[in-house]
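Numbering (this note's numbering), first residue to last: 1 to 401.
Heads up: the structure comes next, in C-alpha cells.
This is the structure we're talking about:
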C-alpha cells in the first residue's frame with residue numbers, strides 16, 4: 001500500500017516492484033514473492049477469484065490518489081474499496097474522509113486500512129489511533145472490517161528492526177486490541193515472502209484474521225503460513241480503477257455477508273506456483289528433489305540459490321523450454337514425475353515432503369510404501385481427486401499449489 005507524501009520508510013504499491021532487485025541482492029527476495037510484474041514464458045494470466053463466477057472487483061486508495069471519481073469507478077464495475085486512514089500514531093490521510101464517504105456515496109462497500117509502523121510505537125497504540133481516526137467497523141452491511149497493512153520497510157531492515165517473535169507480538173497486539181474494541185478481527189494485508197522472513201511463518205493469525213494477499217504475479221498463491229485461503233487479493237498496482245486493483249474471493253452476496261460479519265471464503269483453485277532465485281521453503285525443496293530425480297547434482301536444502309537456478313536452466317534447455325531459470329507452470333509440468341507404490345528415489349521424497357507439509361504423518365525416506373500410498377489417497381479424497389494412490393500431474397499440482 002502507500003505512504004504519505006514523502007513515501008519515506010516503507011515500500012509502497014509500485015515500490016514493491018522497484019525494490020525487488022535490491023531485496024534479492026540482500027538475500028531477502030522472498031519478501032516480494034510473486035510481486036514481480038514481469039511476464040515471461042513460464043507464467044500464467046491472473047486466475048481471478050477461486051469461484052467460477054465473474055470476479056468481484058475493487059480497489060484501494062490513499063493520498064496518492066487524491067481525486068477519485070467514485071461514480072465513474074462504480075460504473076466500471078468496482079464493488080468495494082479500501083481507503084488509507086492512518087499510519088503509525090501521527091499520520092492521518094487528509095483525503096480519507098472524502099474518499100471513504102465518496103466510495104459509500106457511489107454504492108461501494110468500503111473499509112479503512114492502517115499502514116503499520118512497528119518501529120514507531122506498539123501495536124495496541126496503533127490500533128487505538130486507527131480506531132480514533134476512521135478505522136472502526138459497524139454492522140451496517142456497508143462497512144468492511146479495518147485492515148492492517150504490514151509489509152516491508154523501504155530503507156534498511158525490511159522487518160522494521162524487530163525480531164520474528166517481536167514482530168509476531170506486535171501484530172498480535174494490534175489485532176487483539178482491534179478485536180476487543182470492535183468485535184471483528186481485522187483483515188491482515190501482507191505478502192507470503194515478507195511473512196516468512198519477518199514472522200518466521202507464524203501460523204496463529206490464519207485461524208481468526210481474514211487475509212488480504214498481495215501478489216501481482218497472476219495468482220494469489222502461495223499464501224502466508226497459517227492461511228489456507230484468502231479473502232482479498234491485490235492483483236495489480238494499476239488498472240481499470242484508480243489506485244491498486246483488488247479481487248474479493250466470493251460473490252457479491254458473499255461480500256455483503258463479509259461486511260456484516262464472519263465469512264469463510266472458498267480455497268483458491270490449485271495452480272502451478274512460480275519459484276525462482278531468492279525464494280526459500282517447501283516448494284523450492286520440491287523443485288530440488290525433482291531436479292535430482294532428473295539427474296541434477298543438487299542438494300534439497302529449500303534455498304533457491306545460484307546453483308538451483310543453474311540446474312533449472314540446464315533442465316529447461318534439455319526440455320526445449322525458455323531457459324530463464326524460473327520454475328513456472330511449463331517447467332513444473334516437465335519436472336513432475338508420476339510415482340506410485342513400489343517406487344523409490346528423490347521424486348518420492350518430494351511427494352512425502354509435500355504430504356508431510358499438508359499434515360500427513362509420513363516419513364521422508366524416498367520409499368513409496370503402503371503408508372505413503374494411504375497418505376496420498378487421503379489427500380486425493382480431501383482435494384476431490386480420483387483416490388487411486390498414484391501421484392500424477394493433477395495430484396502434483398494440488399500438492400505444490
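Note that the Cβ used here is the ideal one computed from N, Cα and C, for glycine as well.
Owing to the predicted nature of the structure, the values given are computational and were not obtained by experimental measurement.
Own chain partners of residue i with C-beta closer than 8 Å, once the 5 adjacent residues on each side are dropped
i: residue 76; result: 240, 241
i: residue 317; result: 323
i: residue 285; result: 300, 301, 302, 350, 353
i: residue 133; result: 85, 86, 92, 96
i: residue 203; result: 225, 226
i: residue 367; result: 344, 348
i: residue 163; result: none
Buried or exposed by the 16-neighbour rule on C-beta atoms within 10 Å, applied to residue i
i: residue 57; result: buried
i: residue 320; result: exposed
i: residue 255; result: buried
i: residue 84; result: buried
i: residue 153; result: buried
i: residue 63; result: buried
i: residue 165; result: exposed
i: residue 33; result: For residue 33, the predicted structure reports a pLDDT of 37, less than 50, and the residue's modelled location is therefore unreliable. A value from the coordinates is still provided. Residue 33 is buried by the Cβ-count criterion.
i: residue 186; result: buried
i: residue 363; result: exposed
i: residue 117; result: buried
i: residue 238; result: exposed
i: residue 328; result: buried
i: residue 388; result: exposed
Beta-carbon proximity list for residue i, same chain, < 7 Å, skipping 5 on both sides
i: residue 159; result: 167, 197, 198
i: residue 257; result: 263
i: residue 338; result: 390, 391, 392
i: residue 398; result: 270, 383, 385
i: residue 304; result: 275, 276, 277, 278, 279, 280, 284
Limits of the beta strand (DSSP E) - the one that residue i falls within
i: residue 432; result: With the chain running from 1 to 401 in the structure shown, residue 432 is simply not present.
i: residue 170; result: Per DSSP, residue 170 belongs to no beta strand (DSSP E); it is in the alpha helix (DSSP H), 164–182.
i: residue 148; result: 147–149
i: residue 277; result: Run containing residue 277: none; DSSP gives neither H nor E here.
i: residue 85; result: 80–87
i: residue 188; result: 187–190
i: residue 214; result: 211–214
i: residue 232; result: 232–236
Proximal residues to residue i (C-beta, below 6 Å), its chain only, five neighbours per side dropped
i: residue 233; result: 213, 220, 247
i: residue 161; result: 119
i: residue 265; result: 229, 231, 249, 250
i: residue 386; result: none
i: residue 346; result: 289, 292, 293
i: residue 243; result: 59, 60, 61, 65
i: residue 402; result: Because the chain here runs from 1 to 401, residue 402 falls outside it and cannot be looked at.
i: residue 124; result: 173, 177
Contact check, residue i vs residue j, beta carbons under 8 Å
i: residue 178; j: residue 146; result: yes
i: residue 184; j: residue 227; result: no
i: residue 135; j: residue 260; result: no
i: residue 106; j: residue 143; result: no
i: residue 102; j: residue 68; result: yes
i: residue 122; j: residue 173; result: yes
i: residue 341; j: residue 370; result: yes
i: residue 222; j: residue 273; result: yes
i: residue 60; j: residue 113; result: yes
i: residue 344; j: residue 360; result: no
i: residue 149; j: residue 115; result: yes
CB contact check: residue i to chain C, cutoff 8 Å
i: residue 118; result: Here chain C cannot be found, since the structure has a single protein chain.
Residue range of the alpha helix (DSSP H) that includes residue i
i: residue 114; result: Taken as a continuous stretch (DSSP letters only), residue 114 belongs to no alpha helix (DSSP H), being part of the beta strand (DSSP E) at 109–115.
i: residue 284; result: 282–293
i: residue 205; result: Careful: residue 205 lies outside any alpha helix (DSSP H) and carries neither H nor E.
i: residue 308; result: 306–319
i: residue 382; result: 370–382
i: residue 245; result: Not the alpha helix (DSSP H): residue 245 falls in the beta strand (DSSP E), residues 244–248.
i: residue 241; result: Note, residue 241: premise wrong, no alpha helix (DSSP H); not H, not E.
**Prompt:** Just checking, does the segment 86–101 make contact with the segment 115–129 on the three C-beta pairs under 8 Å criterion?
**Reply:** yes
| message | For the pair the segment 200–213 and the segment 289–306, tell me if three or more CB-CB distances fall below 8 Å. | response | no
- At least three beta-carbon pairs within less than 8 Å, the segment 269–288 to the segment 304–315: yes
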